[in-house]
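Number of protein chains: 2
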Amino acid sequence: MKEGLRERTRRAVRAELAAMATDLFARQGFDETTVEDIAQAAGMTKRSFFRYFPTKEDVVFDGIDLTGESVVADIAARPADEGPWECLHQVLRAWQEEIHASERALATMRLIEATPALTARLLQRRTEWRRRVSDALRSRPGAELDPYTADLLTNAATAVLDAVSGQWARADGDADRRALLDRGFDQVRVALGTGRA
Amino acid sequence: MKEGLRERTRRAVRAELAAMATDLFARQGFDETTVEDIAQAAGMTKRSFFRYFPTKEDVVFDGIDLTGESVVADIAARPADEGPWECLHQVLRAWQEEIHASERALATMRLIEATPALTARLLQRRTEWRRRVSDALRSRPGAELDPYTADLLTNAATAVLDAVSGQWARADGDADRRALLDRGFDQVRVALGTGRA
DNA sequence: GTCTATCATGTCTTCGAGTGACACGTCGAC
DNA sequence: GTCGACGTGTCACTCGAAGACATGATAGAC
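Just so you know, the sequences run in chain order X and L.
So in this note's numbering, the last one in the first sequence is 211, and the numbering has no gaps at all.
So in this note's numbering, the last one in the second sequence is 211, and the numbering has no gaps at all.
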């Protein structure tokens with residue numbers, strides 16, 4: 015077997031650490047929790063913490079990146095005759111449902127929104143994420159998209175997502191995210207003409 | 015007079031500090047420059063530096079926020095019969111020209127793009143900036159925009175801006191930003207119908 | 001089973017950003 | 001002129017992050 019005791023314990027400790035951290039973050043806030051607090055709660059040294067996570071922030075984003083992967087995969091899996099905008103609409107709708115369904119993901123989102131440092135990191139990550147989504151769009155069979163138009167589509171899609179989040183926050187969580195997303199994707203339209211005029 | 019020697023020297027020292035800092039950042043990079051380097055170059059202590067700027071990052075963004083202010087003001091100044099999308103187009107076109115014309119602003123942009131920590135801060139600030147632009151759009155006389163649609167418009171506009179920046183970076187600075195912006199605003203369309211369907 | 005290279009961990013140390021506390025000097029209002 | 005507010009320097013501190021080194025445990029070869 016390729017998964018020896020080493021990897022298994024490592025993953026276990028990582029999960030333990032993440033659990034301790036999210037618990038402490040939720041209780042006393044991100045900035046108010048020191049790495050030493052987390053390490054001590056898990057029965058180890060501060061130095062050892064950093065052997066599992068490169069930064070304190072990474073504990074929060076652990077497990078979030080997977081969803082980004084899935085978006086790229088989903089794009090590739092959509093029918094080829096579907097337009098890119100509709101493709102983004104469907105994929106992101108599914109992605110949003112997934113987030114909405116997970117209590118843990120929602121709690122993480124709330125923590126991120128409440129912590130400026132984490133918000134900054136999230137936005138930073140999203141830049142990378144968008145580049146990959148844009149590439150995925152261009153790689154679809156039959157898609158003749160120039161890089162600029164692909165970026166335009168991707169950025170516009172995140173524009174809709176942001177607007178949904180904003181409305182969601184304004185309504186204090188009492189809003190139909192799915193309906194808002196559909197409405198956003200309907201209101202915003204991206205033309206594909208590149209060599210046309 | 016309301017401006018005593020205290021305020022005058024304070025502003026002078028601030029400018030001096032900013033000048034020293036940008037010089038050092040340009041020469042050896044942001045991360046490679048310590049606050050102590052800057053303070054020492056200006057003939058003061060690290061502690062005193064933090065009495066002028068709350069963080070090292072704030073030195074870079076000092077003087078950048080003014081442009082954000084001007085965008086909001088410009089929106090209010092546009093003719094009332096102009097549609098919101100066209101309004102954003104014109105205002106952001108002017109804003110882009112302004113940045114493009116200033117050698118100092120361009121250098122700052124390059125520094126920000128080359129430094130992940132600064133990029134994150136920029137994105138964070140833009141969140142706040144977008145909220146204000148969205149509000150400005152809704153405050154225009156005769157504009158009947160619900161918050162969601164206003165956000166949609168604002169976010170879509172920054173989506174275009176980002177795509178322009180991306181293309182600009184891809185072309186290694188050899189691109190007609192104005193033409194790209196116009197093309198982006200032409201390709202992306204935002205419908206205003208809120209109670210329509 | 002033993003032996004060895006690899007890996008995880010603890011301890012110590014260092015660096016840089018940012019803050020608090022205290023003392024001293026200067027500006028400015030009166 | 002006095003006195004209080006403010007700016008500054010100095011020292012000490014916290015916290016995140018990383019490097020160096022020693023030690024103990026483990027996996028895999030023999």
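For every residue, glycine included, the Cβ atom is placed at its ideal position computed from N, Cα and C.
No experiment lies behind these values; they were computed from the predicted model shown.
Straight-line measurement puts the Cα of P68 (chain X) at about 30 angstroms from the Cα of A53 (chain L).
R25 (chain L) carries a helical assignment under DSSP once its states are collapsed to helix, strand and coil. Only residues of its own chain outside the window of five on either side were considered, and among them V86, I89, A90 have a CB closer than 7 angstroms to the CB of A150 (chain X), listed in chain order. In terms of CA proximity to V73 (chain L), L:V27 leads the group L:W99, L:T172, L:V27. Taking a contact to require three or more Cβ pairs closer than 8 angstroms, the segment 57 to 64 of chain X and the segment 123 to 143 of chain X do not qualify as touching.
Using a 10 angstroms sphere on the CB of R41 (chain L), the tally of other CB atoms stays under 16, which defines it as exposed.
When rounded, the separation of the alpha-carbon atoms in S179 (chain L) and T23 (chain X) is 45 angstroms. In terms of Cβ geometry, R139 (chain X) and F39 (chain X) do not form a close pair [threshold 8 angstroms]. Counting only the Cα atoms, G77 (chain X) lies some 22 angstroms from S148 (chain X). In this model, E96 (chain L) and A185 (chain L) are separated by some 33 angstroms (Cα to Cα). In the three-state reduction of the DSSP assignment, R124 (chain L) falls in the helix class, which pools H, G and I. Among the residues of chain L, those whose CB is under 7 angstroms from the CB of R184 (chain X) are P161, following chain order.
Annotated as distal: G43 (chain L) and A94 (chain L), with beta-carbon spacing of 8 angstroms or more.
With a contact defined as Cβ atoms closer than 8 angstroms, T141 (chain X) and W109 (chain X) miss out at about 17 angstroms. Counting only Cβ-Cβ distances below 8 angstroms, T133 (chain L) has contacts in chain X at Q138, T141, in chain order. Among the residues of chain X, those whose CB is under 9 angstroms from the CB of P130 (chain L) are Q138, following chain order. The Cβ atoms of P161 (chain L) and Q181 (chain X) sit closer than 8 angstroms to each other.
Contact of G180 (chain X) with chain L by beta-carbon distance below 7 angstroms involves D165. Per DSSP, reduced to three states, the secondary structure at R203 (chain L) is strand.
Closer than 8 angstroms to the CB of R203 (chain L) there is at least one CB belonging to chain X. A29 (chain X) counts as exposed, since fewer than 16 other beta carbons sit within 10 angstroms of its beta carbon. For T163 (chain L), the uninterrupted alpha helix (DSSP H) segment begins and ends at 161 to 184.
For I89 (chain X), the secondary structure class from DSSP, reduced to helix, strand or coil, is helix.
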